[in-house]
Each structure stands twice: as C-alpha cells, then as structure tokens.
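Chemist:
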Amino acid sequence: MIRFENLTKVYRGIKAVDDLSLRIPPGTIFGLIGPNGAGKTTTIKMMAGVLRPTRGRIYINGLDIAKEPSKVKRIIGFIPDRPFLYEKLSGFEFLRFKAGLYGMKGNRLDERILDLLNLFELTEWADELIESYSHGMKQRLIIAASMIHEPKVIIVDEPMVGLDPKGANLVKGIFREWAGEGATVFLSTHMLALAQEVCQQIAIVDKGRIVASGTSEDLRKQAGVEGDLERIFLEITRGVATSENV
Ligand code: ATP
C-alpha cells in the first residue's frame, strides 16, 4: 500500500506538488499522468527519498519514509528518468554491484542475476560492457537492476523511454506479472496509450494537484466525454485551464 497524506513540495515559493493525498492498494499498476511541469518527477523523487517534502507524509507498506528511510529503500525499486549506469561494467557485474548495495551475496545471488538477465532478454549480453548496449538494452538492464532485491513497490519515471515495441511489450508483461504477485508499480508517463493499457488506477495531475483519479472508466465519467485516455486527458486538463482563466 502506498499512501500520500497532504504531500506538498514548494520550490522557492512555487508549489510543484500541492496537497496530494492518495491511496494505492498492493497489486496495482498505478499511472501518474499530467502535462509538463505538473509535478510528476517531484512526486516520484519524494517517494524514492531523493527529495524531502515541504509538508505531508508518504507511507509505503505502512512505513513513513521520513522516519524509516532505510527500511523503505529496502522495499522499493526506483527507476529515475535519467538513470546512471557504470558503463565500464558488464550487465552481470552491474547487477552484482546493485545487489551488493542491498547486502545481497552468496550462490543464490548469481542465480537471481541470471534469472533477471534471462527475464529481460539480456542473457547473451551478460558479459559485454554496458557501453556497448543499445539504449533499449540499457533501459531493460536498469529495470532489471531495480528489481534485484525483489521490491514490493516499483517506482518508475517514464518506463518506456528508449524501448522498441518488443522491449516495451516485454516490460509491460513483467510489470503485470509483478503486480499479479502483489507488488505495486507506480509509474509516471506522458504515454497515455501506455497508461490506458496497463494501469488499473490513474491520477491526472496539473499544477501540482490531482484533477481527476480512478480507473479509465471513472476518468471518462469525470470528463464527461467518450473516447480514449488522450481525449479524456485533454478535456480534463483543458477544464482546469478554463476554470482558472475565468
Ligand atoms: P515533465 O513532464 O516536464 O517532466 P513534471 O510533471 O515531472 O514535468 P516536475 O519536474 O516535477 O514536473 O516540475 C514541477 C514544477 O517544479 C515545475 O514548475 C518545475 O519548473 C519546478 N521544479 C522542478 N524542479 C525544480 C527545482 N529543482 N528547483 C525549482 N523548481 C523546480
């Protein structure tokens, strides 16, 4: 379970995230969508413990990030929008390095790494240097690395960046499987078709505030329009701009 309570982040007088309250049950793929500057990355960075909220709280599986940051970091996997990779390591070495950060070692670890490389279709490249990987392979490796410690919650900013349709399909399947086993996937994206396809719950944010949330069907009702998520999104965010202009 992920819970935000009045989550707020102010940067030099500007409210990037404004009083966000939300509950996301386990086993859910949740999508945060919104226009540029809506506060998505700021929200994700606060969840990952990279940024401190100005006000409000985030609970992950009942743990308050502000009070128990180390425990929370052990149960989350975080994939930032601009991840860092040690390009002079091989894929295998990178996963072993990442595992070391969580204190994982022993024979079972090598098995876990090989399983992950296999899952993300990187087995053939396991011993090649990351610098020789394509953009999509790097993205798959980053997602694999975020899962090394079997997190209960995966937080991912723009998961499909750089992935070709086959890679995107693979990752979508893995997220679904992971959520099916009870994990929560929290993703932020501009790809509305992706959100529509994989997310059971969606929140639309604009100027730091949630302007609509629920299933695609709930959002359709709130927008009062028929059509796909893009149509709903445009209607809802247009509504916000219009009411503010009046
Ligand atoms: P995008 O879709 O363009 O990535 P976003 O929804 O992720 O946008 P954020 O990056 O969270 O939005 O930014 C929200 C607001 O906070 C914007 O107005 C942005 O200019 C501002 N902001 C973000 N980071 C900082 C910072 N370090 N200092 C000051 N303002 C910031």
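Start counting the sequence shown at -3; every next residue gets the next number (my numbering).
Backbone N, C-alpha and C define an ideal beta-carbon position, used for all residues, glycine too.
Can you grab the Cα-Cα spacing for the pair L105 / A95, in whole Å?
Modeler: Taking the first residue of the sequence shown as position 1, residue 105 is located at position 109. Taking the first residue of the sequence shown as position 1, residue 95 is located at position 99. Roughly 8 angstroms separates the two Cα atoms.
Chemist: Which of the three DSSP states is assigned to G52 in this structure?
Modeler: Taking the first residue of the sequence shown as position 1, residue 52 is located at position 56. Note: G52 maps to strand in three-state DSSP.
Chemist: First and last residue of the beta strand (DSSP E) that includes V207?
Modeler: Within the sequence shown, residue 207 is the residue found at index 211, counting from 1. Element bounds for V207: R205 to G210.
Chemist: Could you tell me if the beta carbon of G158 falls within a distance shorter than 7 angstroms of some heavy atom in the ligand ATP?
Modeler: As a working note, residue 158 is residue 162 in the sequence shown. Incorrect: G158 has no Cβ contact closer than 7 angstroms to the ligand ATP.
Chemist: From what residue to what residue does the beta strand (DSSP E) around F74 run?
Modeler: What you label residue 74 is simply residue 78 of the sequence shown in a count that begins at 1. Taken as a continuous stretch (DSSP letters only), the beta strand (DSSP E) holding F74 covers I72 to I75.
Chemist: Please classify V221: does DSSP put it in a helix, a strand, or coil?
Modeler: Against the sequence shown, residue 221 aligns to sequence position 225. Three-state result, V221: coil.
Chemist: DSSP puts D60 in a beta bridge; with which residues?
Modeler: Along the sequence shown, one-based indexing puts residue 60 at 64. Answer is Y55, bridged to D60.
Chemist: Using DSSP with H/G/I as helix, E/B as strand and the rest coil, what is K11?
Modeler: Start at 1 with the first residue of the sequence shown, and residue 11 comes out as number 15. Reduced to three states, the DSSP call for K11 is strand.
Chemist: Under 7 angstroms from any heavy atom of the ligand ATP, does the C-beta of I61 make it?
Modeler: Position 65 of the sequence shown, counted from the first residue, corresponds to residue 61. Outside the cutoff, so no.
Chemist: Just checking A34 against the ligand ATP - is the residue's beta carbon closer than 7 angstroms to any of the ligand's heavy atoms?
Modeler: What you label residue 34 is simply residue 38 of the sequence shown in a count that begins at 1. Yes, the Cβ of A34 comes within 7 angstroms of a heavy atom of the ligand ATP.
Chemist: With respect to 7 angstroms, is the separation between the Cβ of T50 and the closest non-hydrogen atom of the ligand ATP below this value?
Modeler: Numbered from 1 along the sequence shown, position 54 holds the residue referred to as residue 50. Incorrect: T50 has no Cβ contact closer than 7 angstroms to the ligand ATP.
Chemist: To which residues does DSSP link F261 through a beta bridge?
Modeler: With the chain represented from -3 up to 242, any question about residue 261 goes unanswered, as that position is not in the structure.
Chemist: Using the DSSP secondary-structure output, state which residues sit across from V201 in a beta bridge.
Modeler: Here residue 201 corresponds to residue number 205 of the sequence shown, with the count starting at 1. DSSP lists I206 as partners of V201.
Chemist: What separation, rounded to the nearest whole angstrom, lies between the Cα atoms of L190 and K168?
Modeler: Against the sequence shown, residue 190 aligns to sequence position 194. Against the sequence shown, residue 168 aligns to sequence position 172. The alpha-carbon atoms of L190 and K168 are separated by roughly 9 angstroms.
Chemist: Closest by CA to G210, which one among Q196, V201 and D202?
Modeler: Numbered from 1 along the sequence shown, position 214 holds the residue referred to as residue 210. Closest by alpha carbon: Q196.
Chemist: Measure the alpha-carbon distance for V242 versus G87 and round it to whole angstroms.
Modeler: What you label residue 242 is simply residue 246 of the sequence shown in a count that begins at 1. What you label residue 87 is simply residue 91 of the sequence shown in a count that begins at 1. Confidence is the limiting factor: at V242 the pLDDT is only 33, short of 50, which leaves the residue's position unreliable, though a coordinate-based value still follows. Distance between the alpha carbons of V242 and G87: 54 angstroms.
Chemist: Looking only at its own chain, which residues have a Cβ that is under 8 angstroms from the Cβ of I20, when we skip the five neighbours before and after it?
Modeler: Start at 1 with the first residue of the sequence shown, and residue 20 comes out as number 24. Answer for I20: M(-3), I(-2), R(-1), F26, T180, F182 and Q197, listed in chain order.
Chemist: I need the boundaries of the alpha helix (DSSP H) containing F88, first residue and last residue.
Modeler: Mapped onto the sequence shown, residue 88 falls at position 92. Looking at the DSSP string, the run of the alpha helix (DSSP H) that includes F88 is G87 to L97.
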